[in-house]
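Chemist:
Protein chains: 2
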Amino acid sequence: MQVVFKNNFMKEVKKRSDCPISCTLDVFGDKWSFLIIRDLLFAKECTYGDFLKSAEGIATNILASRLVTLEENKVIEKLEHPTSKAKVLYKLAQKGIDLLPILIEIHLWFDKYETTPEEIREMLELVKKDKVGFIENFTKSFES
Amino acid sequence: MQVVFKNNFMKEVKKRSDCPISCTLDVFGDKWSFLIIRDLLFAKECTYGDFLKSAEGIATNILASRLVTLEENKVIEKLEHPTSKAKVLYKLAQKGIDLLPILIEIHLWFDKYETTPEEIREMLELVKKDKVGFIENFTKSFES
DNA sequence: ACTTTTGCTTGCATATCGCAAGTGCAAATA
DNA sequence: TATTTGCACTTGCGATATGCAAGCAAAAGT
Numbered sequence: 001m002q003v004v005f006k007n008n009f010m011k012e013v014k015k016r017s018d019c020p021i022s023c024t025l026d027v028f029g030d031k032w033s034f035l036i037i038r039d040l041l042f043a044k045e046c047t048y049g050d051f052l053k054s055a056e057g058i059a060t061n062i063l064a065s066r067l068v069t070l071e072e073n074k075v076i077e078k079l080e081h082p083t084s085k086a087k088v089l090y091k092l093a094q095k096g097i098d099l100l101p102i103l104i105e106i107h108l109w110f111d112k113y114e115t116t117p118e119e120i121r122e123m124l125e126l127v128k129k130d131k132v133g134f135i136e137n138f139t140k141s142f143e144s
Numbered sequence: 145m146q147v148v149f150k151n152n153f154m155k156e157v158k159k160r161s162d163c164p165i166s167c168t169l170d171v172f173g174d175k176w177s178f179l180i181i182r183d184l185l186f187a188k189e190c191t192y193g194d195f196l197k198s199a200e201g202i203a204t205n206i207l208a209s210r211l212v213t214l215e216e217n218k219v220i221e222k223l224e225h226p227t228s229k230a231k232v233l234y235k236l237a238q239k240g241i242d243l244l245p246i247l248i249e250i251h252l253w254f255d256k257y258e259t260t261p262e263e264i265r266e267m268l269e270l271v272k273k274d275k276v277g278f279i280e281n282f283t284k285s286f287e288s
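From first to last, the protein sequence lines stand for chains A and B.
Using this note's numbering, read the first sequence as starting at 1 and increasing by one per residue.
Using this note's numbering, read the second sequence as starting at 145 and increasing by one per residue.
1) Determine the extent of the alpha helix (DSSP H) in which B:Val-271 is found, giving its start and end residues.
2) Would you kindly work out how many angstroms separate the C-alpha atoms of B:Ser-288 and B:Phe-282, rounded to a whole number?
3) Of the residues B:Leu-252, B:Gly-193, B:Lys-175 and B:Ile-246, which one's Cα is nearest the Cα of B:Leu-270?
4) Could you tell me which chain A residues have their CB closer than 9 Å to the CB of B:Asp-174, listed as they occur along the chain?
5) Distance check for A:Leu-41 and A:Pro-78, CA to CA, integer angstroms please.
6) Given A:Asp-111, which residues of its chain have a CB within under 7 Å of its CB, disregarding the five upstream and five downstream residues?
7) I'd like to confirm the pairing. Which residues does DSSP put opposite B:Leu-223 in its beta bridges?
8) Can you find a C-beta in chain A that's less than 8 Å from the C-beta of B:Lys-158?
9) Would you list the one or two residues that DSSP bridges to B:Cys-190?
10) Could you tell me whether the Cβ atoms of A:His-81 and A:Leu-70 are closer together than 8 Å?
11) My output table needs one value for B:Lys-175: the three-state DSSP class, helix, strand or coil.
12) Can you name the residues of chain A whose CB is closer than 9 Å to the CB of B:Thr-191?
13) How would you list, in chain order, the residues of chain A whose beta-carbon sits under 7 Å from the beta-carbon of B:Lys-135?
14) Can you pull out the residues from the stretch 113-124 of chain A whose beta carbon lies closer than 7 Å to at least one beta carbon of chain B?
15) Which class does A:Lys-74 belong to by DSSP, given the choice of helix, strand or coil?
16) Is the CB-CB distance between A:Val-27 and A:Asn-61 below 8 Å?
17) Relative to the alpha-carbon of B:Ile-181, which residue among B:Lys-235, B:Lys-284, B:Phe-278 and B:Phe-286 has its alpha-carbon at the smallest distance?
18) Rounded to the nearest angstrom, what separates A:Glu-105 and A:Lys-87 at their Cα positions?
19) Between B:Glu-258 and B:Lys-229, what straight-line distance do the alpha-carbon atoms span, to the nearest angstrom?
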């Protein structure tokens, strides 16, 4: 069963079902969206160019379309760059910051079956020691 | 940077980077794979037809290809049906059962910003009261 | 024997992706 | 001030993936 409706901007949004997993995948179910979130969680703020520099090599048109979708869904927001009008700053909205627990569980799952890179392992040890505390601290670090 | 290698079946696997998120998305980064996992978490065992019956309406060719990928990655396994040779049973491998915390965090995130369907809300209350206990019990229920 | 069920496969139109090149404006440089 | 460079996208287009319908062989039911 497929529910089709229009949002405020008259853009068609297809909701496949009311299932939370399905709805979440309607937005994040692709190979790139969560990498954008990852970049923003680590860097707090990114320019368009910063995303392009990431190791996975996202294509510029795909990046543009994902940023629009994520902004429409209020997961990220666009800010003026403090010193340059040519640059744009992207940052996580609260809804985006709250994705951290999901990203953490992905890391923990991955760590059980594959090899976590050295740079991430240190952070992961903190998570394993005190997951709730880690999330609290990390979330707080976005308030400033 | 893109690393390309071949697995035992000589099928090309593209790993975009060593990042855990990226690697996980290489397998699960689509709109269907996690729905298959969801179905198996709720139902424990599914036939090919069971997956097709799910509300989102996956196409049969897509389902077939996802099942192959998930099996190749040892997330699910195929079993003989106890009474019928025509039927095939799919179930989660341990690696698949261990995805539960990720699915739970998706549910919790969704619940904060959207409306969780009634049928799921009850389960979610249990999770909110005792997440660790819930995961333990749920995981145990797969051992029998 | 035949009809139906089951788990797929195949063909094809359409949508999405990925790469390369291009555009317009702001900022740095000469 | 004129020119070049940097930045955030957009556009075009071939390659790939998706979605739909139909087909198929083996097994099960009648």
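Where a beta carbon is used, it is the ideal one built from N, C-alpha and C, also for glycine.
Being a predicted model, the structure only gives us computed values, none of them experimental.
Modeler: So, to answer that:
1) From DSSP, the alpha helix (DSSP H) with B:Val-271 extends over 262-273.
2) Roughly 11 Å separates the two Cα atoms.
3) Looking from the CA of B:Leu-270, the closest CA among B:Leu-252, B:Gly-193, B:Lys-175 and B:Ile-246 belongs to B:Leu-252.
4) The contacting residues are Leu-25, Gly-29, Asp-30 and Lys-31.
5) As written in the sequence, residue 78 of chain A is Lys, which differs from the Pro given in the question. Distance between the alpha carbons of A:Lys-78 and A:Leu-41: 15 Å.
6) Excluding five sequence positions before and after A:Asp-111, the CB atoms of its chain that fall closer than 7 Å to its own CB belong to Leu-124, given in chain order.
7) In DSSP, B:Leu-223 forms a bridge with B:Leu-233.
8) Taking Cβ atoms only, chain A never reaches closer than 8 Å to B:Lys-158, which makes this a no.
9) Paired residues: B:Tyr-234.
10) No.
11) Here B:Lys-175 sits in coil by DSSP.
12) Result: empty, since nearest Cβ-Cβ is about 20 Å, beyond 9 Å.
13) Summary: the structure shown does not reach residue 135 of chain B, with chain B confined to residues 145 through 288, and so no result is reported for it.
14) Correct list: Tyr-113, Glu-114, Thr-116, Pro-117 and Ile-120.
15) Annotated three-state conformation of A:Lys-74 is coil, per DSSP.
16) No; because the gap between Cβ atoms is not below 8 Å, this pair is not in contact.
17) The shortest C-alpha separation from B:Ile-181 is found at B:Lys-235.
18) If you take the alpha carbons of A:Glu-105 and A:Lys-87, they lie about 33 Å apart.
19) Going by the C-alpha atoms only, they are around 43 Å apart.
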